[in-house]
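Have a look at the structure below, then the notes.
Protein chains: 2
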Amino acid sequence: MPVSLSRQSSQTLTQQLAERLAERIRMHLLPAGTRLPSVRESARQQGVSPYTVVAAYDLLQAQGLVEARPQRGFFVRDLAQKPLAGQAAPAAAASKAGLPMGIPPGTRINASMLIRGMFVESVDGKPQPGAGVLPAEWLDAGFLAAAMRKVSSGRALRDSLVRYGEPMGDGRLREALSRRLLHLGIAAMPAQIMTTMGATQALDIVSRALLQPGDPVMVEEPGWAVEYARLAAMGMRVLPVPRGPEGPDLAVMQRYCETLAPKLYVSVSVLHNPTGYSLSAASAHEVLQLAQRYGFYVVEDDTYSHIAPEHAPRVTVLDRLQRSIYVGGFAKVLVPNWRIGYLAAPPELVERLLDTKLLSTLSSPTPMEQALALCMEQGQLRRHAERLRRRLSLARTRSVALAQKAGCRFVAEPAGLFGWVDTGVDTEALAQRLLDEGYLIAPGAMFHASRRPSTCMRINFATTQEAGFWRVFGRVIATP
Amino acid sequence: MPVSLSRQSSQTLTQQLAERLAERIRMHLLPAGTRLPSVRESARQQGVSPYTVVAAYDLLQAQGLVEARPQRGFFVRDLAQKPLAGQAAPAAAASKAGLPMGIPPGTRINASMLIRGMFVESVDGKPQPGAGVLPAEWLDAGFLAAAMRKVSSGRALRDSLVRYGEPMGDGRLREALSRRLLHLGIAAMPAQIMTTMGATQALDIVSRALLQPGDPVMVEEPGWAVEYARLAAMGMRVLPVPRGPEGPDLAVMQRYCETLAPKLYVSVSVLHNPTGYSLSAASAHEVLQLAQRYGFYVVEDDTYSHIAPEHAPRVTVLDRLQRSIYVGGFAKVLVPNWRIGYLAAPPELVERLLDTKLLSTLSSPTPMEQALALCMEQGQLRRHAERLRRRLSLARTRSVALAQKAGCRFVAEPAGLFGWVDTGVDTEALAQRLLDEGYLIAPGAMFHASRRPSTCMRINFATTQEAGFWRVFGRVIATP
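Quick mapping for you: the protein sequence lines, in order, are chains S and H. Going by this note's numbering, the first sequence opens with residue 43, and the numbers climb by one from there. Going by this note's numbering, the second sequence opens with residue 43, and the numbers climb by one from there.
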């Protein structure tokens, strides 16, 4: 477990060692209960003095990340023991209201843990089967750096200073987004479009603006754990709707509507995460009819649109943003940590959503929005996305063959970035064993609102196209 | 009211006109009830066809920003009629709990309106007395653009891609912030420091992570309206504590503690907004004793630290981040819309705060954090801040003289960016009349949690050092 320390850094070796270890603990690369190497062993591994190691372990202990057990050494603490913010209240509220269905809002979900798959792209240089984004070198778009340099030139930067007055987001980017949406079949004026810090903030803003604690919200299952965690942390009542190849289970939605009056339905319509399913037009039509009849809004999270086939049916296309809100982002096609996302909403909701953005982050940073606008205007983003789709398609073919050869069954027709495969064994236990081999997988339980055990896992087609992982997978799965 | 339209834009003239007008309405530069110019008049002003104007007015109507009154024309709608998100629930919760003191959580506060002073830096080229930031040309730091270009070079950008794994924020920036805090007398390890989208998001994250709807929170009065609005929107119970020259009114705090068990005290200790007061060491000590005895946390919002005298007493200095959280930002010293802020917290709170950041925006953008780190490392930011302080000091001397000559009385000793002056007349009515003359002022009611009428206003020393505004002010105030 050597971590790279530098004597050139402005940080002391102690600080560096503590920080690297803290990062690994937070990412659950060092799971709870792991014993840290002995001081002597660690000093040898890192090439530092034992004093440096002792000081680093002390720092970690002060941060509550490890605990000292007398005579035994230092052990990684169970971070999941710390409840997520705001959970106590919702649990109390739910029990008061006597709610029987869905997830108990107090369910312990550790957001850091859930999101590790998105942040950890490689461990020790090995591509990670559970990663939530494309590999960095796929996304390494030179045009973005050029655009960034252009908008950082003196004159342009000065303009972006003076143009502090756009709480809705950079006007030029919103125009480009309006054209992009039109291309997808959604007519949204720039005045209906608001930029956000990634699709994540867009979803967060919608929940904060439209919901009150205790409100019932329909979400897809399997589905994206961060959405479950956010709604639970906000004290919402999460109503899981089974997601099939054509769309949500409409009978279940109907029952929820009749009995619980949900306020919102959050859906990844196209290239659903984790299955890869895409909504049919007929299903979109029925969802909208329910929305109109029972008065809920549909939030369409279109995170994967850049790697999706064009002109896929969408709720927001049929609905013309009457009872639906479109959420988009660029994390799957460009540098994910630039955090540029957006939403397009019915005109009457715009002011309310803008208020929520203002209270949450005031505005969003202009320079990167301008750089992105430039890339969109010049068609670079479109061409880059086309290249990604072709490359992903080749990787998918290879990954599918390898996965099937390793005994995995595809639950859903392979499409997009992720495959949803049945391994035949409990994937949470499998995840723990593969972690020991240096591989992070995304176990199925992570995609269930109740976190119930699952034999499925989500694989990233871009990072599972090499035989290396599947050899280890085959060996681990064959060993009881 | 001509707005600048361009035939070179990719937007139609209709869209451009509608957007410009929408922006002015949202900023309350066209207040509710204002009649838009007739179609013919507007077409003449803008040099476009009447058809273009009709279409633009229709768009504004569709967005709910204006309403058509038959035979009379188009009028700006009262946006404040739309309640802030999440207010209905808190109001209900409060009435259930029978809470008598503080602000009724349902109080109507329009965030867009409150924040206009921060976003509107000039109207028709005139500097705005109510502005919340320094003028753009003061902040126009060439070194920042250079740093931005540097981190946008191919190699550095690639690194920032690969380094997607720092949910706490760019490591180098957190090291620089740790050194900055040490300089202020606060020992905070990088592992205790988390970057955020401006100080605003830091305050938002703290509230979300530590509070549950209905929790009582102590805030300063007068104080910053966005904080009131956020807490109200989240359903918190806002307990105003009068702020004096030395610090908060400790007797009032004591009573709140004895009867209501507040969870948090949010304070701008140094160069308090709007008064400019700075906390005394003795007062900081007493606040901390209360915090320890009654078990609440203190959030120290140090937004103005870069224009403050160095080594001012702070709660977090005395407390060593035990029961206190430090919040900082760069909006008052650098490009405000870059949205870089941070917090430093007790180690045991870090995981919880990080979870909340992840659910809210996942991470924060790396390139600008890296550019800022560079500027801090090279001392450019420190020197820039010194220059700003000198320039502001000269402006303050001029503004104070002009304000006093115009009959204003300084309630607080002039210091920092803002002056808190008593005009002798109701400043909300005054604001309306000065708006007709093209000047936005920040009326005192905006800084009171109850929005009660006030004869005070907050002036920005950088934008009130010219005689022009004060002449108009004198004329308006002399006319009944």
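The C-beta atom is built at its ideal place from N, Cα and C for all residues, glycine as well. Every value quoted in this text rests on a predicted model; they were computed, and no experiment measured them.
Beta-bridge pairing of residue i - partner residues as DSSP gives them
i: Asn502(H); result: Phe460(H)
i: Tyr270(S); result: Partner(s): none; Tyr270(S) has no beta bridge.
i: Arg451(S); result: Asp464(S)
i: Ile367(S); result: Val341(S)
i: Met236(S); result: Leu385(S)
i: Pro209(H); result: For Pro209(H), which the question treats as bridged, DSSP gives no partner whatsoever.
i: Leu281(H); result: Met260(H)
i: Val308(H); result: Val261(H), Val341(H)
i: Val118(S); result: Val108(S)
i: Ala30(H); result: Residue 30(H) falls outside the range modelled here, since chain H spans only 43 to 522, and no answer is possible.
Cβ-based burial, residue i [other Cβ within 10 Å; buried from 16]
i: Pro112(H); result: exposed
i: Lys447(H); result: exposed
i: Pro495(S); result: exposed
i: Glu411(H); result: buried
i: Gln88(S); result: buried
i: Asp361(H); result: buried
i: Pro407(H); result: buried
i: Gln507(H); result: buried
i: Gln331(H); result: exposed
i: Ser91(H); result: exposed
i: Gln170(S); result: buried
i: Ala471(S); result: exposed
i: Tyr99(S); result: buried
Alpha-carbon to alpha-carbon, residue j and residue i
i: Gly449(S); j: Ala271(H); result: 56 Å
i: Thr237(S); j: Leu181(S); result: 21 Å
i: Ala303(S); j: Val283(H); result: 41 Å
i: Leu59(S); j: Gly510(S); result: 30 Å
i: Glu419(S); j: Glu288(S); result: 34 Å
i: Val566(H); j: Leu281(S); result: The first residue shown for chain H is 43 and the last is 522, placing residue 566(H) beyond what the model contains.
i: Val340(S); j: Arg365(S); result: 6 Å
i: Glu352(S); j: Gln53(H); result: 24 Å
i: Pro255(S); j: Val268(S); result: 17 Å
i: Arg432(H); j: Ala173(H); result: 19 Å
i: Ala134(S); j: Trp462(S); result: For Ala134(S), the pLDDT reaches just 31, beneath the cut-off of 50, and the residue's location in the model is therefore unreliable, although a value from the coordinates is still provided. Cα-Cα distance, rounded: 35 Å.
i: Phe489(H); j: Pro316(H); result: 7 Å
i: Ile349(S); j: Gly318(S); result: 11 Å
i: Pro378(H); j: Ala74(H); result: 28 Å
i: Leu385(S); j: Asp212(H); result: 27 Å
i: Arg335(S); j: Arg279(S); result: 21 Å
i: Pro132(H); j: Pro258(S); result: Because Pro132(H) carries a pLDDT of 32, less than 50, the predicted location of this residue cannot be relied on, and the following value inherits that uncertainty. Taking the straight line from one Cα to the other gives about 17 Å.
i: Glu217(S); j: Ile235(S); result: 9 Å
Three-state secondary structure (DSSP) of residue i
i: Ser80(H); result: coil
i: Tyr339(H); result: strand
i: Lys374(H); result: coil
i: Gly140(H); result: Low per-residue confidence applies at Gly140(H): pLDDT is 26, beneath 50, and the placement is therefore not dependable, though the value from the model is reported in the following sentence. The answer is coil: DSSP assigns Gly140(H) none of H, G, I, E or B.
i: Leu391(H); result: helix
i: Ile151(H); result: Any reading at Ile151(H) needs caution, since the residue's pLDDT is 34, under 50, leaving its predicted position unreliable; the model's value is listed next. The answer is coil: DSSP assigns Ile151(H) none of H, G, I, E or B.
i: Glu470(S); result: helix
i: Arg111(S); result: strand
i: Pro171(S); result: coil
i: Val90(S); result: coil
i: Ala74(H); result: coil
i: Pro132(S); result: Per-residue confidence for Pro132(S) stands at a pLDDT of 32, beneath the threshold of 50, marking its modelled position as unreliable; the derived number appears in the next sentence. Reduced to three states, the DSSP call for Pro132(S) is helix.
i: Ala316(S); result: The sequence given here has Pro at residue 316(S), not Ala. It is coil, neither helix nor strand.
i: Pro290(H); result: strand
i: Ala491(S); result: coil
The ligand SAM heavy atom lying under 7 Å from the CB of residue i
i: Val96(H); result: Judged by which ligands are present, the structure shown has none, so any question about the ligand SAM falls away.
Where the stretch 401-419 of chain S meets chain H: residues whose CB sits under 9 Å from a CB there: Using a CB distance below 9 Å, the part of the stretch 401-419 of chain S facing chain H consists of Leu401, Ser402, Thr403, Leu404, Ser405, Ser406, Pro407, Thr408, Pro409, Met410, Ala413, Glu419, ordered along the chain.
Residues of the stretch 265-284 of chain S with Cβ closer than 8 Å to any Cβ of chain H, in chain order: Result list: Val268, Ala271, Arg272, Ala275, Gly277.
Contact list for the stretch 101-119 of chain S against chain H, Cβ threshold 8 Å: Only Leu101, Ala104, Gln105, Gly106 from the stretch 101-119 of chain S bring a Cβ to less than 8 Å from some Cβ of chain H.
Interfacial residues, the stretch 482-498 of chain H to chain S, with Cβ spacing under 7 Å: Residues of the stretch 482-498 of chain H with a C-beta less than 7 Å from any C-beta of chain S: none at all.
Interfacial residues, the stretch 359-386 of chain S to chain H, with Cβ spacing under 7 Å: Against chain H - using a Cβ distance shorter than 7 Å - the residues of the stretch 359-386 of chain S are Val377, Pro378, Asn379, Trp380, Arg381.
Interface residues of the stretch 283-312 of chain H facing chain S [CB-CB below 9 Å]: Within the stretch 283-312 of chain H, no residue has its Cβ closer than 9 Å to any Cβ of chain S.
Against chain S: residues of the stretch 455-481 of chain H by CB proximity under 8 Å: Listed in sequence order: no entries.
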